[in-house]
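Presented below is the structure to which this report refers.
Numbering (UniProt numbering), first residue to last: 1 to 258.
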């Protein structure tokens with residue numbers, strides 16, 4: 001175990017309000033494909049332009065192709081499980097050493113691993129519900145994807161025949177203002193801000209480490225590859241999120257022994 005990992009574990013043990021920002025890298029170890037990572041076999045089959053909100057709404061072919069990608073992605077999520085990194089964060093919450101998680105992911109693995117819903121801010125939304133863009137009716141994603149599996153090419157609202165869309169933030173959409181405000185409040189309340197598995201290339205999440213530093217927080221970055229914000233990090237670890245967090249939690253538990 002590296003010295004920086006031991007120092008970060010001590011910082012977490014002594015922290016009152018550590019806040020975590022998680023990106024795709026925490027879930028790739030569970031087999032969830034990453035848009036920007038090396039695991040491009042899944043997303044390489046589809047064009048991201050089909051998920052641009054303007055194309056999705058105005059182009060029926062883009063909508064058809066996007067739903068095809070969503071249905072396949074849903075199957076991947078359903079067959080995958082949270083990994084040691086997710087469970088480590090759930091352990092930290094149980095130990096009252098986690099103020100909250102701001103996640104860029106839409107897979108719901110933090111809650112599945114045991115983190116409380118109130119502790120998780122999903123800034124890019126969730127893949128586990130679907131809404132009508134016209135009347136707002138909510139749908140259980142399982143029902144919609146089962147209909148696609150049975151032959152429905154493009155699902156529509158059974159109430160108003162409006163366009164259905166997964167409750168995730170598509171390219172060209174803004175993060176909901178209330179979600180953005182919650183995330184900023186959480187960042188401003190932290191004295192330790194820990195980035196896990198994020199390339200920090202997608203705004204506005206990429207700005208959060210800067211916001212945390214401006215608020216006086218120490219910054220830790222745990223990621224396989226370099227990020228644009230590594231130079232600002234007080235703790236920098238380039239390694240597997242599941243390995244690092246598992247070992248850090250074990251040290252934290254030892255630190256808390258009477």
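Every residue gets a Cβ at the ideal spot worked out from N, C-alpha and C, and that includes glycine. In this text, all values refer to a predicted model and were calculated from it rather than measured experimentally.
Residues sharing a beta bridge with residue 100, DSSP
Per DSSP, 19.
Leaving aside the five residues before and after residue 128 along the sequence, list all residues of the same chain whose C-beta is less than 7 Å from its C-beta, in chain order.
Closer than 7 Å at Cβ, skipping near neighbours: 108, 141.
Do the segment 113 to 131 and the segment 89 to 105 touch if we need at least three Cβ pairs shorter than 8 Å?
In short, these stretches touch, since the Cβ pair count reaches three.
Residue of 123, 172, 25, 54 minimising C-alpha distance to residue 208
The candidate whose alpha carbon is nearest that of residue 208 is 123.
Can you tell which of 166, 232, 210 has the C-alpha that lies nearest to the C-alpha of residue 73?
Minimum Cα distance to residue 73 is reached at 166.
Would the segment 179 to 199 count as touching the segment 14 to 33 if we require 3 or more Cβ pairs under 8 Å?
Taking a cut-off of 8 Å for Cβ pairs, the segment 179 to 199 and the segment 14 to 33 touch, as three or more such pairs fall below it.
Quick one: residues in its chain with C-beta nearer than 7 Å to the C-beta of residue 190, no 5 flanking neighbours on either side, listed in chain order?
The answer, listed in chain order, is 17, 18, 19, 99, 212, 217.
State the Cα-Cα distance for the pair residue 4 and residue 244, rounded to the nearest angstrom.
A direct Cα-to-Cα measurement between residue 4 and residue 244 gives close to 11 Å.
Taking Cβ to Cβ, would you say residue 8 is nearer than 9 Å to residue 183?
For the 9 Å CB-CB criterion, residue 8 and residue 183 do not form a contact.
Spell out a yes or no on whether the segment 83 to 94 and the segment 144 to 157 are touching, meaning 3 or more CB-CB pairs, one atom from each, closer than 8 Å.
Counting C-beta pairs with one atom in each stretch, the segment 83 to 94 and the segment 144 to 157 have fewer than three that are closer than 8 Å, which means they do not touch.
Can you tell me whether residue 38 is buried or exposed, with buried defined as 16 or more other CB within 10 angstroms of its CB?
Interpretation of residue 38 is limited by its pLDDT of 48, a score under 50 that renders its predicted location unreliable; the figure taken from the coordinates is listed afterwards. Burial check for residue 38: the Cβ neighbour count within 10 Å stays below 16, so the residue is exposed.
Could you tell me the alpha carbon to alpha carbon distance between residue 251 and residue 168, rounded to whole angstroms?
Separation of residue 251 and residue 168 (C-alpha to C-alpha, rounded to the nearest whole angstrom) is 36 Å.
One question on the structure: do residue 10 and residue 255 come within less than 9 Å of each other, judged by their Cβ atoms?
In this structure, residue 255 lies closer than 9 Å to residue 10 by Cβ.
If you compare alpha carbons, which of 51, 120, 239 is closest to residue 186?
Cα-wise, what sits closest to residue 186 is 120.
Please say whether residue 77 and residue 32 have beta carbons closer to each other than 9 Å?
Yes; because the gap between Cβ atoms is below 9 Å, this pair is in contact.
So for residue 173, helix, strand or coil by DSSP?
It is coil, neither helix nor strand.
How big is the Cα-Cα spacing for residue 79 and residue 143?
Across the structure, residue 79 and residue 143 are spaced so that their CA atoms are roughly 17 Å apart.
Which word fits residue 136, buried or exposed, when buried means at least 16 other C-beta atoms lie within 10 angstroms of its C-beta?
Within a 10 Å sphere around the beta-carbon of residue 136 sit fewer than 16 other beta-carbons, which makes this residue exposed.
With a threshold of 8 Å (Cβ to nearest heavy atom), would residue 226 be considered close to the ligand HEM?
The ligand HEM is not among the ligands present in this structure, which contains no ligands whatsoever.
Secondary structure at residue 194, three-state DSSP: helix, strand or coil?
Residue 194 falls in the strand class under three-state DSSP.
Quick one: complete beta strand (DSSP E) runs, 3+ long, within the segment 128 to 172?
Segments of the beta strand (DSSP E) lying fully in the segment 128 to 172: 138 to 140, 164 to 168.
Distance between residue 105 and residue 55 (C-alpha atoms, nearest Å):
Residue 55 and residue 105 have their C-alpha atoms some 22 Å from each other.
Could you name the residues of the same chain whose beta carbon sits closer than 6 Å to that of residue 63, not counting the 5 residues immediately before and after it, in chain order?
So the qualifying residues of the chain are 56, 154.
Close Cβ partners of residue 2 (< 6 Å) along its chain, the five nearest in sequence each way excluded
So the list is empty, once near-sequence residues are dropped.
Residue 50, buried or exposed, once every other Cβ within 10 Å from all chains shown has been counted against 16
So residue 50 counts as buried.
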